[in-house]
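Note that the protein sequences, when read in sequence, are chains A and B. For the first sequence, the positions run 20 to 326 when the numbering used here is used. For the second sequence, the positions run 398 to 868 when the numbering used here is used. Idealized CB from N, CA, C, for every residue including glycine. No experiment lies behind these values; they were computed from the predicted model shown.
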Amino acid sequence: MSLHRVFVEPWQSHAAHYWPICAMAMFVTVACALLGNYLVLRRISLVGDAISHSVLPGIAIAFIMTGSRTGTPMFIGALVAGVAATVFIELLHSRSRLKQDAAIGITFSTLFAIGVILISIHGAHTDLDLDCVLFGKMDFLSLKETVFWGLPGVTITMGVIAFCVGVLVILFYKELLVSCFDSALAASMGINPKLVHYLLMSVLSVVVVGAFTSVGAILVIAMLILPAATSCLLSERLWVMMLLSLLHAFLSSLAGVHLAVALQVPTAPACVVAGMAIFVIVWITSPRQGLISLWLRNPRPEASVEA
Amino acid sequence: MNVRSITPVLVLLLVCSVDAQAARIGELTENDPWQQVRRFFTFADPGLRIALAGALLFGAACGLLGSFIVVRKMALIGDAISHAVLPGVALGFLWSMDKDPLAILAGATAAGLIGSLVVELIQRTTKIKQDAALGIVLASFFAVGLCMMRMIQNTGAASRITGLKSYLFGDVAVLNRQDLVAIFVVVIVTIFLVILLYRPLLTIGFDREFARSTGLPVRWLDCLFQLFLAFCIVVALQAVGVVLVSALLITPAATAYLLVNRMHHMLWVAAVFGMVSAVIGVFCSFLGSNLPTGPFMVLGASSLFLLAYLFAPRHGRVTRWMYYRARRRNVSNENMLKSIYRIIEKGMAGKDGRAGVSMDLLAGERQVSTAELFGDLRRLRSLGVVEFVDGKGQVALTESGFRQARRVVRKHRLWELYLTNEADYASNHVHDDAEKIEHFLSEEKVAEIERQLDFPDVDPHGQPIPGRDRV
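Structure below.
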């Protein structure tokens, strides 16, 4: 099997087939990567996880009421569910003796369970089934009616969302940066950290629901965290991290689509696997924090502690 | 209550289901719901007996181990492990090419352990924090598992994959006797582990440094605990599903955490809540056809949690709200009685026998509108401490109302005197403090203060302190 046949031919012969899938994967990973940086830096990655699970009942209810997997009702449903999840988590851990981790666990599992039940009661013979929740249906994108540039409507929507996220991140770079690292300073500058938090969560809900039909509700968390985690191993400046996470997003989506073709597996998990591989490579080889450099500097950390 | 008292019940349930054939529960869904309910409670269905026994067993184990992870503030490690086992499940399936519980148990436990070790390794070697490390492991392992499951499907084992599918959202109906035996063994071992290692685990849970200083092998105990956590997650996996099994760990334990204060009570309460939630799940999915079990178990657990969150005796939201409301009422009632008493004392009340106080005067003293005042007074009348004097726009204290008013005034003035004499407060600064504390001083405390002040007659402002004998 020559390299040409493995790496080049699929792209030449089925370009029209893979173009929408590739574009979708890229839009999703880019939008997620941009937001993910803030989640990782603020140490609330798992709130992102909670939101990605919690939008499910919103999506399910909107789907049952309108019978379609796209459109405004879906976004509104998901937005409401996502913000509600954020509020519930706040309520549970500020108004009882529970800690944040338990509050997150209880909130998202409850909302997710409601979503799964709604879907399995109503969605058995429709587009929205439990497979979609798990894997997403990115592979079927090319079967859909194209709207623009050979892309179906869902992809265009996701592209617009990714673009908006990019614009928002650039416009509010300073505000987000400050409220990320020092909420007291942010408050003194007239930025309301609570408001920033809720807005971030709302944008996150929109991204999650835009990505839902393609990657499902569970794998989104990897696309949020992996790029940011990888880039924070390489740099300490936010804008460098942003650029690196974008690079991670591009690479993982391309490699993921390729992996999916090669192994005949769904695209969304394949993208995550590719992203994980990049993370592992960086984790091992990163010049300052990598395992190799760590080992070179200090071959036996335990021995040095005892000495 | 101890372990020995509940083990026979579990064994009994197990024995009941020994002759069972693994039939799908909920098969006869054309029956009306009532008949289905009757079938549930008569335990006539052999598949149902297996499902119930399994649910009770892993519900209890999840509650026990969940208590430890909730108090250790690592609730989401259960979530990470439960997602991370998926590649192990797929590998175990690949190894035996069948739904062999032993191979799957071994593969899944190994994958879960590797997952939790990777979380720890990421945290120790990089500056990535726990939340991101958990998220990375959770989603990456899960994605690998999904890919592997699809690859298994591609190899043509699709006919047997139906069993594998239940690992995602849970289907208690696929449990067979082999699974039940595996669950039984794991749960019994887990219970014994918790009993044997109760004290070390408790110490580690609350203070790791202290545990280390007493010479406990903290790392080994951690590993052992995580091993059993993984075991426990794996056995609950088929019935609850990868995605939601962590809820069965967290929610019953969190419910117990809201209700009790001591760890050994929490273990019991959590185990019972775990069992109840699991049985609720089995019941609901028995009523409907083809509904996944896991979500219903989670909803059962969440409803219990919601009840505890709202109505827990000490920490519940509604309970606290009612407590504060009662206290606010009490304070406002006592203040009203005090105002009436002061007006009577100043001699501004009517002269006829038991003094009636004019409402306008009272409204001025209390600085509220007449309408508000009237509402408050009506509440006091229903308590039997004041009565309205007919046709005069006046209000008078009853016998018991007068006693109560004297008691409050007495507390107020004694406290003022105490502050000026014993704590060197200026006499013009003591009123506000006394205004607050007069509602909370107990009778014994007041008597003690009075003794200490040598039974005084007047307060710092020269007003008489009502004596105890006359109260």
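Just to confirm the assignment, what range does the alpha helix (DSSP H) spanning residue i have?
i, result
"B:F852", "Segment: none, B:F852 is in no alpha helix (DSSP H) and carries neither H nor E."
"B:F785", "Here B:F785 belongs to no alpha helix (DSSP H); instead the beta strand (DSSP E) covers V783 to V786."
"B:S674", "M660 to L684"
"B:T523", "Per DSSP, B:T523 belongs to no alpha helix (DSSP H) and is neither H nor E."
"A:A121", "Q119 to H141"
"B:F440", "Neither: B:F440 is in no alpha helix (DSSP H) and is coded neither H nor E."
"A:I300", "T286 to T304"
"B:F870", "No answer is possible for residue 870 of chain B: the residues shown for chain B start at 398 and end at 868."
"B:L645", "V642 to L656"
"B:P710", "Here B:P710 belongs to no alpha helix (DSSP H), and DSSP marks it neither H nor E."
"A:S14", "Outside the modelled stretch of chain A, which goes from 20 to 326, sits residue 14 of chain A, for which no answer is possible."
"A:V152", "L149 to F154"
"B:Q764", "No alpha helix (DSSP H) contains B:Q764, which DSSP labels as neither H nor E."
Contact check, residue i vs residue j under 8 Å by CB: the rounded distance?
i, j, result
"B:V637", "B:G691", "4 Å"
"B:V639", "B:L565", "6 Å"
"B:G475", "B:L646", "4 Å"
"B:G512", "B:V486", "The pair is not a contact, with the Cβ atoms about 12 Å apart (cut-off 8 Å)."
"A:I210", "A:V197", "6 Å"
"B:G532", "A:S64", "4 Å"
"A:L111", "A:I244", "No, A:L111 and A:I244 are not in contact; Cβ-Cβ is about 23 Å, not under 8 Å."
"B:I519", "B:A530", "4 Å"
Residue range of the beta strand (DSSP E) that residue i falls in?
i, result
"B:Q860", "It is not in any beta strand (DSSP E) - B:Q860 carries neither H nor E in the DSSP assignment."
"B:Q550", "No beta strand (DSSP E) holds B:Q550; the alpha helix (DSSP H) holding it covers Q527 to N551."
"B:V578", "Here B:V578 belongs to no beta strand (DSSP E); instead the alpha helix (DSSP H) covers R574 to L593."
"A:F191", "Neither: A:F191 is in no beta strand (DSSP E) and is coded neither H nor E."
On the DSSP bridge assignment, give the partners of residue i in chain order.
i, result
"B:E845", "According to DSSP, which records beta bridges pairwise, B:E845 is partnered with nothing at all."
"B:E819", "DSSP, once it has assigned bridges, lists no residue as partnering B:E819."
"A:L253", "None; A:L253 has no bridge partner."
"B:A793", "B:G753 and B:E784"
Which residues in chain A sit within 7 Å of residue i, going by Cβ to Cβ distance?
i, result
"B:I647", "A121, G124 and I125"
"B:K470", "K118 and D120"
"B:G532", "S64, L65, D68, I240 and I244"
"B:F692", "Sequence inspection shows Pro at residue 692 of chain B; the Phe mentioned does not correspond to that position. Result: A132, V135 and I136."
"B:R714", "R114"
Which residue from the options puts its Cα closest to that of residue i?
i, options, result
"B:F589", "B:L510, B:V615 and B:F622", "B:F622"
"B:A627", "B:R776, B:L838, B:S479 and B:P853", "B:S479"
"B:E813", "B:S779, B:S797, B:P853 and B:V783", "B:P853"
"B:V578", "B:G542, B:L499, B:T817 and B:I592", "B:L499"
"B:E845", "B:K470, B:S797, B:V631 and B:Y815", "B:Y815"
"B:E832", "B:A768, B:L794 and B:S736", "B:S736"
"B:A570", "B:V591, B:V541 and B:L684", "B:L684"
"B:L701", "B:D821, B:A667, B:P689 and B:N730", "B:A667"
"A:G309", "A:L270, A:P285, A:A281 and A:S254", "A:S254"
"A:V47", "A:V184, A:T126 and A:L60", "A:V184"
"B:V632", "B:R469, B:G612, B:Y738 and B:L483", "B:L483"
"B:T652", "B:L703, B:F625 and B:A608", "B:L703"
"B:M756", "B:E784, B:L780 and B:E731", "B:E784"
"A:A296", "A:A241, A:L98 and A:W314", "A:A241"
"B:L759", "B:V728, B:G781, B:A472 and B:A793", "B:A793"
"A:V228", "A:S250, A:M208 and A:C51", "A:C51"
Starting from the beta carbon of residue i, find every residue of chain B whose beta carbon is closer than 8 Å, and list them in chain order.
i, result
"A:I237", "H480, A536, F539 and V640"
"A:L310", "T522"
"A:V102", "Near A:V102 there are no residues of chain B at all, since even the closest Cβ is about 19 Å away, more than 8 Å."
"A:L313", "T522"
Note down, in chain order, every chain B residue with its Cβ under 7 Å from the Cβ of residue i.
i, result
"A:R62", "K526 and D528"
"A:P288", "A540, L543 and C544"
"A:L149", "F566"
"A:L153", "L543 and L565"
What residues from chain B crowd round residue i, counting only those whose CB sits closer than 9 Å?
i, result
"A:C251", "T523, K524, I525 and A529"
"A:R307", "Per Cβ cutoff of 9 Å: no residues; A:R307 is ~10 Å from chain B at best."
"A:M295", "I533, A536, S537, F538, A540 and V541"
"A:V59", "I525, K526, D528, A529 and G532"
Can you pull the chain A residues whose beta carbon is under 9 Å from the beta carbon of residue i, in chain order?
i, result
"B:M548", "L282, Q283 and V284"
"B:I737", "Those within 9 Å of B:I737 in chain A number zero; the least Cβ separation is about 38 Å."
"B:F614", "For the sequence presented, residue 614 of chain B should be read as Pro rather than Phe. Per Cβ cutoff of 9 Å: no residues; B:P614 is ~15 Å from chain A at best."
"B:V673", "Ordered by position in chain A, no residue passes the 9 Å Cβ test against B:V673, which lies about 16 Å from the chain."
Along chain A, in chain order, which residues have C-beta atoms closer than 8 Å to that of residue i?
i, result
"B:Y706", "L111 and S115"
"B:A452", "Neighbours of B:A452 on chain A: none; closest Cβ ~16 Å, over 8 Å."
"B:Y654", "R116, L117 and A121"
"B:S885", "Summary: the structure shown does not reach residue 885 of chain B, with chain B confined to residues 398 through 868, and so no result is reported for it."
Can you pull the chain C neighbours of residue i, defined as C-beta to C-beta under 7 Å?
i, result
"B:D476", "Reference to chain C is not applicable here, since the protein chains of this structure are A and B."
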